[in-house]
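Chains as they are written, first to last, in my numbering: chain Z, 6 to 143; chain P, 5 to 84.
Even glycine gets a Cβ: it sits at the ideal position worked out from N, Cα and C.
Below is one structure, written out as structure tokens; the observations come after it.
Structure follows, in structure tokens:
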């Protein structure tokens with residue numbers, strides 16, 4: 006885990022990591038969120054509606070933005086203040102997802118970081134884009 | 005200064021997502037619904053970006069109402 010302090014941060018700092026979600030992760034998210042929409046849970050339904058298989062929950066893939074901020078950029082001292090996510094392309098279980106975030110704006114008072122982030126699949130298609138606002142705690 | 009109040013009022017409306025919000029120099033966190041600490045950060049961020057100015061922490065701590073904010077912002081714009 007990174008533990009950047011305010012004085013360590015600068016516009017242009019970035020971090021990238023890869024992750025994937027399997028069927029068990031999907032089942033866990035369905036149980037935790039209560040989202041039982043068949044597009045995410047029923048392969049027959051998903052295929053009947055034009056998808057090759059069930060589509061990963063957008064909010065499950067977006068949880069990777071939480072990891073980006075809370076573990077890497079800035080890491081331990083992060084306080085997530087807001088996030089604006091837009092979804093561009095569906096993805097399925099077991100796909101390799103690349104998450105990248107870069108600091109684009111620093112506001113000294115009150116201390117706030119603005120991060121532009123995205124999640125891509127192995128073919129570099131953009132799954133989602135996000136703008137994330139983060140403060141730092143002591 | 006009236007123009008500045010109108011411009012800042014539009015920023016308030018965007019941040020608070022209230023198109024009909026009316027503010028005055030006397031408006032403050034105690035008179036505007038939802039003006040909590042996080043929305044205060046959102047507000048200062050939006051104003052900083054809109055006018056390309058930066059505030060010092062001490063300056064922000066001395067603000068009591070919108071009038072103080074407008075005066076501070078006006079001085080920042082003039083000294084650019």
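- Residue(s) in a DSSP beta bridge with residue 26(Z): According to DSSP, residue 26(Z) bridges with nothing at all.
- Query: In this structure, does DSSP put residue 88(Z) in helix, strand or coil?
  - Reply: strand
- Task: Measure how close the beta-carbons of residue 84(Z) and residue 20(Z) come, nearest whole angstrom, since I'm counting them as under 8 angstroms.
- Result: About 17 angstroms separates the two Cβ atoms, so there is no contact after all.
- Message: With a threshold of 9 angstroms between beta-carbons, can residue 59(P) be considered close to chain Z, or not?
- Response: yes
- 8 angstroms contact criterion, which residue 15(P) and residue 60(P) should meet: CB distance rounded: Not really, about 20 angstroms apart at Cβ, beyond 8 angstroms.
- Using CA coordinates, which residue listed in 71(P), 52(P), 18(P), 62(P) is at the minimum distance from residue 84(P)? Looking at the Cα atoms, 52(P) is the closest of the given residues.
- Mapping DSSP to helix, strand and coil, what is residue 9(Z)? coil
- Message: So if I threshold CB-CB distances at 7 angstroms, which residues from the region 60-72 of chain P count as touching chain Z?
- Response: 60, 61, 64
- Message: I'd like to know if the region 95-110 of chain Z and the region 124-135 of chain Z are in contact, where contact means that at least 3 CB-CB pairs between them fall below 8 angstroms.
- Response: yes
- Rounded to the nearest angstrom, how far is the Cβ of residue 34(Z) from that of residue 62(Z), given a contact under 8 angstroms? 5 angstroms
- Query: With distances taken between CB atoms, is the gap from residue 48(P) to residue 114(Z) smaller than 9 angstroms?
  - Reply: yes
- Distance, residue 25(P) Cα to residue 17(P) Cα: 6 angstroms
- Message: For the region 7-20 of chain Z against the region 74-91 of chain Z, do three or more pairs of beta-carbon atoms, one drawn from each stretch, fall closer than 8 angstroms, so that the two count as touching?
- Response: yes
- Closest by CA to residue 40(P), which one among 19(P), 5(P), 28(P)? 19(P)
- May I ask you to list the residues that DSSP assigns as paired with residue 106(Z)? Per DSSP, 20(Z), 122(Z).
- Item | residue 66(P) versus 56(P), 32(P), 42(P), residue with shortest Cα-Cα distance | 32(P)
- Message: Please list, in chain order, the residues of the region 21-40 of chain Z that have any C-beta partner in chain P closer than 7 angstroms.
- Response: none
- Buried/exposed call for residue 133(Z), threshold 16 Cβ in 10 Å: buried
- In this structure, what does DSSP give as the bridge partners for residue 112(Z)? 117(Z)
- Taking 8 angstroms as the line, does the beta carbon of residue 133(Z) fall inside it for any heavy atom of the ligand SAM? With respect to the ligand SAM, the structure offers nothing, as it holds no ligand at all.
- Query: How big is the Cα-Cα spacing for residue 118(Z) and residue 72(Z)?
  - Reply: 16 angstroms
- Message: Residues of the region 40-54 of chain P in Cβ contact with chain Z at a cutoff of 7 angstroms, in chain order, please.
- Response: Answer set for the region 40-54 of chain P: 42, 45, 48, 49, 52.
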